[in-house]
Amino acid sequence: MTEHKLMDPAGARDLYLPEMAEIVAVKDLTDQEKLYEIVLPEGRELGHKPGQFVAVSMFGAGEAPFSVSSSPTRLGSFELGVRKVGMLTEMMHRLVPGEKVGIRGPFGNGFDMEALRGKDLLIIAGGIGLVPMRSLINYAIDRRDDFGRLIICYGSHSDAELLFNDERKLWDQDPRIEHHVTVDVGSDEWTGNTGVITTLIPRLELDLSRTVACVCGPPVMYRYVQLALRSKGLPEKEIFMSLERRMKCGVGKCGHCQINNTFVCTEGPVYNGLELKSLQEAL
Amino acid sequence: MSTNLDIKVHHLTRVEGHGNIVVNMTDGVLEKARLEIVEAPRYFEAMLKGRSFHEAAIITSRICGICSLGHQMTSFKATEQALGLEVSEQTVLLRKLLVHGATLQSNILHALFLAAPDFLKVGSVFPLVASHPDVVKAALRMKRLANEIAEVISGRAVHPISCVPGGFTALPTPAQLLSLKEKLENQMVPDLAFVAEVLASLAAEIPAFTRETEYISLRSDDDYALYDGDICSTDTGRVSDAEYLGMTNEFIVPHSTSKHCKVNRSSYMVGALARWNNNHDRLCPAALAVAGKLGLEPGCYNPFMNTIAQVVEAVHCALDSVEIIDELLTRGIVDEQPNQEPTRFGTGIGATEVPRGILYHEYTYDRQGRIAAANCVIPTGQNLGNIDDDMRQIVPEVLDRPEKEIAHLLEMLVRAYDPCISCSVHMLDVKFVK
Amino acid sequence: MTAMMLDNDRVVDFVTHLQENKPVYAPHAKGRSSFVFDQVEKPDDVVLDYPRTLHSIKKFFLPPQDDLLDFNLVENSFTEPELKPFDAVFLGVHSYDLHAVMRLDYVYSQGNPERNYLARRQGAVFVGVSFTPDKHHFSGSVGIGTNDTTGFDVFLHIVDDGYAVEALTEAGTDLLQGFDMPVYEGALPASAHFEQHIYVPQGKLLDVFDHGYHSVVWSDEAAHCTGCGTCNLICPTCSCFNVEDHVDVTVTHGTRTRSWDSCMLRGFGEVAGGEVFRENLADRQRHRVYRKFKYISDETGEPWCVGCGRCTMNCTAGISIVNIVNRLVNEYDKSRAAV
Amino acid sequence: MALKPRIGIFDFTGCEGCELNHLNFEDQLLDILEHVEIVEWREAMDGRADELDIAFVEGSLSTPDCIERIHEIRRKSKVLVAVGACAVLGGINAMKNIRPIEEVREEVYGKDKYLFPTLPALPLSAVVEVDHSIRGCPMTQLEFLKVFTSLVMGKQPVQEDYAVCVECKLKENECVVEKGMICLGPVTRAGCDAHCPTFGQMCIGCRGLVTDPRLEAMEEILVAQGLSMDEARKKLQMFNANQLEGVTS
Ligand SMILES: Cc1cc2nc3c(=O)[nH]c(=O)nc-3n(C[C@H](O)[C@H](O)[C@H](O)COP(=O)(O)OP(=O)(O)OC[C@H]3O[C@@H](n4cnc5c(N)ncnc54)[C@H](O)[C@@H]3O)c2cc1C
Ligand code: SF4
Ligand code: SF4
Ligand code: SF4
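If you want it as structure tokens, here you go:
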């Protein structure tokens, strides 16, 4: 790169202009989380992969990234699960069906579904991490024969904070899904497992030759889950983790999500353990 | 006619700071009639100790946001005298322009936003938005322009930024000055004329009360003294500002966190009316014409007319600002740095007319350029004794009226002084106690 | 191509000539001892002999505050602000600043090309001028000489009594059209000498950063750093930004605005809930310097620092990027000697 | 929040410059009044209110009476906004906190010092819960409008939490340190659009410190500029005496 050959702007996209999409349904998941079903203009498909995210615009509050929670196999609309934590998410929680939000995306690499074909999927989700993982789970359910075992380990802080209870009841009933749940602190009614999510891992019987782990949860979880999986003998490159960083553009320009030399918004948010090992600042 | 009165106006409204009016009469004997200052003491003199000369004005500016510019000017003058810092003529001109801006801003705020509701018999300026939109809009326009003068020259209307001891850290451009001049001529002057008309029609609302007292203000030979001058009393004439202690004589009274003052009588008055009584001969003809229209005459002893004197002064400030701008533009703005190289370390006194009257700052600097001692005498403090004396005369004169009306009249009286209580307690409510 | 001679006393005429066809932007004096690029109103005010400007010309193509869209809260809709090309002559640009622009061209063309930047960049014509390095310039150490004409349309070489003017492109020749100058007789001067150096042989610089990641340099330097962000904000190749919505007082309209951001700031990596990735100032300092010498450089082969010296000169804490790099070089040399 | 929130403006110990700044919104005042109903404001109007949606409170707390009044305001207000350095930090008044209060009173009032009770100057947050802060001395109008529009829209106002240097650099100001001046910009919270350095003046720290301020590094800079350590501390204390003492964050 010596002489400047300037690209013709006609070949460049308007990266920052959202599309106004309609919210068609809103469902309470807990008192902190809501699920939004959204339709793009003219009913166009979002065309995402599990693990990808969109930037949601609320004028006056700004934009924030949210993983797509629905599977691309379910057409006509897409879903976002949103936890109320701050300015934009609080405003979002006041939205009702019929109102519109701006959408940009889908962004990010998502899971390489071709590479996962034929594998046993071990899905590990902590807390709100189930929201993005649900896209992958439902994809695997809808294309059940494309995959081997489907093992879901889900951990939550308390039983009151468990997400997608109705859907998970169906997973419990499905003989082709192995669904394990644990909570850090259970209420008096709770009869299931208690303990952090890593307590579920040692009990699993895995076929190491064909298992791929897909992990999503709070930052602290990754290190311990990875340790637990490694001690089971799962190679680093078979462990996929979805990272969270601050993001302002989603298209590799604003710099906020940069970890060492990678941009989470374009090259992530999904990385395998081997890649993360060389990213010193990742975990 | 009642012989018992118990009036307590707790946390008087539409004045700057916290004070109470307290009047107490039993069996025809007036025991108390006074303004109690309950604003918390602020201890600025103590805070100044050990501070560098760069910080003196920054700190004293915080004595009062309304008079922040006046405090700064006075502080600079004291510091410059103490440290032997000469300032350029350009600096003096810019400061005079700033003082005009501050006087305009404060006088307009007081006359039209705080006092006018009394004349129009409403509780605040807000109902006037609907009932007298023209007056409110003109008032907002004038206030904006007055603030703009401060913003252009010093960076900010409250707690100015770029004026410092020795000069200015940033200078206005000729284009900015020109735009101020145009707005002064095309907006401010007509707006003031319009407001004067409105006030003339309300002349009957101004209570007819007189009490002769001593009036003290600055006076100078060549202009209507605001930025600079000698101390001048209607009783005893002119003395230099070095004698300010003898012209204030601060003393402590138990009912006020602010100190009181007296000179030749039990009390004296400072402010726009004192300036009018001492310096009306230095006003420009247009201001004098407005004074005539509003019935303000030389030797006026009615404190309620202070508000009118403020409006007259505003006319003078607006027109004189235009002249100062012309002079600055003719000379051209010289890109100069503030002179901050002390030539001595000693004591300096600054005396300036701020909207509410004469303000004095005195600092003594040690050899490191740090403040060793400081004293500030504030106009509202100087007026407090006079307000109490007015009350003692006015209450017996109006005993035939209902207590509520008396209380309201007393509130109007205090407000007419445009008291600045935060200042006075750098260290108001009305209470009538039975 | 032969150069022409522009005498000092004809510079004002030259600026006036340039102004005939396009707006001209050039350095002007500001404050006590600073310079800024501004549109020329009076050719007299242009300063061609200056050490460096506060901001580089980056500010024209990637403005400090840039409205991405205007929104209407009542209708929940938006419009895109007009993007106008900077069809202008940039006069008096130093070599390192144009190199910085070329790096930005790369950033905004690769991956997802960005229309906002590219549209503004259209039509710009660059007239360079050589400079006399002061104690902060070190562009020579990153391969950019004081007379490096890469990318320029016209270049003015400082010579005795004036400038030797070289037209380098067709656009450059057009610019000079109609302004008669005698031919410059001497040889074009070589790059001036730099006082300030990074002590590493050309081409080896990037290797140093394969080793420096765990150096004590980072925490050493961070101990004096206030984390104020200045070093990023005046850097001609920094391009990170923040985006915020601003609502006007009527609460009916607003703008979504991006503004320059800095990875030295604590909040840069903060996510909802308060977690701060790169909480540690030493990590942030390393990230900043690695952004200049490693991350993108590994892709393109060149340092992303162009040696302008702005970050060092403007750091109130006196932290010097040259010093940081030289310490790393030193450690690198030692570790290699040990092997 | 109600469609037209009822607001009150209250003041404690301070210079009232912040209140004056409310009246200095000449150009926006009529727009602001479109969105709110002002129901209590001692400095500008008669009358009191029993219930409020938003209370804007300026001034520091420095007498026992202040403490009582702020509790009452908190009780009757849904949202309480601290306005200006005095309310947010204790302000310049808190400089007196550094020296023993008795000594200070003696100096100003002499033997009459016991006539007037006083406490250290405290920020509102030392006594009641504060929902939002508008910083600055005087309060930054820019920030007031930001908080105001946020509250009208029903969203959380965002507070800048980076140094004044950031805004100063965005405006391409010549750094005042270049002129040999001392500046607290590197550790002071932005949001003022670097108002003082823009007018060639030093930043005096009136908006308080950023989160996790690098005080040692800042002191080092001040000492390198020729101040003694004691003077450097004093500089930092002008508006931040309480924050440095840990009274407020
Ligand atoms: C790839 C990705 C996927 C995500 N998926 C989900 C999801 O499915 N469901 C969900 O509830 N949350 C998700 N988050 C987190 C979500 O983006 C934040 O909770 C959200 O930005 C908070 O915005 P706020 O305005 O309500 O919070 P505030 O704390 O008020 O944040 C203010 C601003 O800071 C920025 N910001 C704050 N936190 C983050 C963050 N974590 N990431 C990026 N920018 C941030 C945003 O620009 C935001 O507008 C995801 C984040 C990332 C990076
Ligand atoms: S300019 Fe200096 S003090 Fe500020 S963040 Fe950069 S290195 Fe640190
Ligand atoms: S890192 Fe510093 S020297 Fe290098 S280009 Fe940026 S500002 Fe200039
Ligand atoms: S003037 Fe002050 S705020 Fe501005 S960059 Fe310099 S140190 Fe920072």
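Each protein sequence line maps, in turn, to chains A, B, C and D. Residue numbers in the first sequence follow the numbering used here, run continuously in steps of one, and reach 296 at the last position. Residue numbers in the second sequence follow the numbering used here, run continuously in steps of one, and reach 441 at the last position. Residue numbers in the third sequence follow the numbering used here, run continuously in steps of one, and reach 347 at the last position. Residue numbers in the fourth sequence follow the numbering used here, run continuously in steps of one, and reach 1408 at the last position. Idealized CB from N, CA, C, for every residue including glycine. Since the model is a prediction, treat every value here as computed from it, not as a measurement.
Item checked: Spatially closest choice to E229/C from D57/C, C243/C, T320/C, V54/C, by CA coordinates -> T320/C
Next item on the list: At 3 residues or longer, and completely inside the segment 189-245 of chain A: list those beta strand (DSSP E) runs for me, N to C.
Entry: 190-198, 224-229
Note to self: Just to make sure I have the definition right: I need the residues of chain A whose C-beta is within less than 9 Å of the C-beta of Y171/C. Which are they?
What the structure shows: Under the 9 Å cutoff, chain A gives no residues; its nearest Cβ is about 23 Å from Y171/C.
Check: Near M189/C, what residues of its chain come up, given a Cβ to Cβ distance below 7 Å and the 5 sequence neighbours on each side ignored?
Finding: M12, M13, L14, V173
Notebook entry, point to check: Got a sec: which bits of the segment 94-122 of chain A sit with their beta carbon under 9 Å from any beta carbon on chain D, in order along the chain?
Noted result: G99, M100, L101, E103, M104, R107
Margin query: I'd like to know whether the C-beta atoms of H117/B and Q317/B end up nearer to each other than 8 Å.
Written below: yes
Check: Cβ of T207/A versus every heavy atom of ligand 4: is any distance shorter than 7 Å?
Finding: no
Check: Thinking C-beta only, is D52/C closer than 8 Å to V20/C?
Finding: yes
Check: Taking 8 Å as the CB-CB limit, is F72/A close to chain C?
Finding: yes
Margin query: Check whether chain B comes within 8 Å of P1297/D, counting only Cβ atoms and requiring the distance to be less than that.
Written below: yes
Check: Any heavy atom of ligand 2 within a distance shorter than 7 Å of the CB on N322/C?
Finding: yes
Next item on the list: Output yes if chain D places a C-beta closer than 8 Å to the C-beta of R274/C; else output no.
Entry: yes
Next item on the list: Starting from H166/B, find everything on chain D with Cβ-Cβ shorter than 7 Å and list it in chain order.
Entry: G1176, C1296, P1297
Next item on the list: Check the Cβ of V1369/D against every Cβ in chain A and list those closer than 7 Å, keeping chain order.
Entry: Simply none; closest approach about 17 Å.
Notebook entry, point to check: Is the distance from the Cβ of R79/C to the Cβ of F72/A below 8 Å?
Noted result: Sequence inspection shows Phe at residue 79/C; the Arg mentioned does not correspond to that position. Yes, the pair counts as a contact, with Cβ atoms nearer than the cut-off.
Check: Quick one, what's near ligand 1 if you take every residue whose CB is closer than 5 Å to any heavy atom, in chain order?
Finding: F66/A, G75/A, A77/A, P78/A, F79/A, S80/A, V95/A, R96/A, V98/A, G99/A, M100/A, L101/A, T102/A, V144/A, E257/A, R259/A, M260/A, P282/A, V279/C, A280/C
Next item on the list: On a CA-only basis, which of A290/C, A179/C, D168/C is nearest F160/C? Give me that one, please.
Entry: A179/C
Notebook entry, point to check: Within this structure, are the beta carbons of A1280/D and G1243/D separated by less than 8 Å?
Noted result: no
Margin query: A325/C and H232/C - do their beta-carbons sit closer together than 8 Å?
Written below: yes
Checklist line | Three or more C-beta pairs below 8 Å linking the segment 1322-1338 of chain D and the segment 1231-1240 of chain D | finding: no
Check: Does any heavy atom of ligand 2 sit closer than 7 Å to the C-beta of C233/C?
Finding: yes
Check: Alpha carbon to alpha carbon, how far is S82/B from S169/B?
Finding: 14 Å
Notebook entry, point to check: Are any of the Cβ atoms in chain D nearer than 8 Å to that of I156/B?
Noted result: no
Check: Name the chain A residues that come within less than 9 Å of V1306/D, Cβ to Cβ?
Finding: The premise fails here: V1306/D is roughly 12 Å from chain A at the closest Cβ pair, so nothing lies under 9 Å.
Notebook entry, point to check: Which value, in whole angstroms, describes the spacing of the CA atoms of I385/B and K1314/D?
Noted result: 44 Å
Check: If D1/A sits next to S171/A, beta carbons under 8 Å apart, how far is it from one beta carbon to the other, in whole angstroms?
Finding: No statement about residue 1/A is possible, as the shown extent of chain A runs from 14 to 296 and does not include it.
Notebook entry, point to check: Pick from L247/A, C229/A, R236/A, I210/A: whose alpha carbon is nearest that of D220/A?
Noted result: L247/A
Notebook entry, point to check: Among residues of its own chain, excluding the 5 on either side of L1274/D, which ones have a beta-carbon nearer than 6 Å to its beta-carbon?
Noted result: Unreliable placement is indicated for L1274/D, whose pLDDT of 49 sits below 50; the coordinate value is still reported in the next sentence. If we look at L1274/D and ignore the five residues flanking it on each side, it has no Cβ neighbours.
Item checked: V44/C: contacting residues in chain D (beta-carbon distance under 8 Å) -> E1331
Checklist line | Min CB distance R422/B to chain D below 8 Å | finding: no
Note to self: So, for S328/C: in the same chain, excluding its five sequence neighbours on each side, which residues have a beta-carbon less than 7 Å away from its beta-carbon?
What the structure shows: T320
Check: Are three or more beta carbon pairs between the segment 203-223 of chain C and the segment 329-341 of chain C nearer than 8 Å?
Finding: yes
Item checked: Presumed contact (8 Å Cβ cut-off) between E1185/D and K150/B, rounded CB distance -> 5 Å
Margin query: Is the beta carbon of A145/B closer than 8 Å to that of L111/B?
Written below: no
Check: Among all the DSSP beta bridges, which residues are the ones paired with A358/B?
Finding: Y367/B
Notebook entry, point to check: Under 8 Å between the Cβ atoms of Y33/C and L91/C?
Noted result: no
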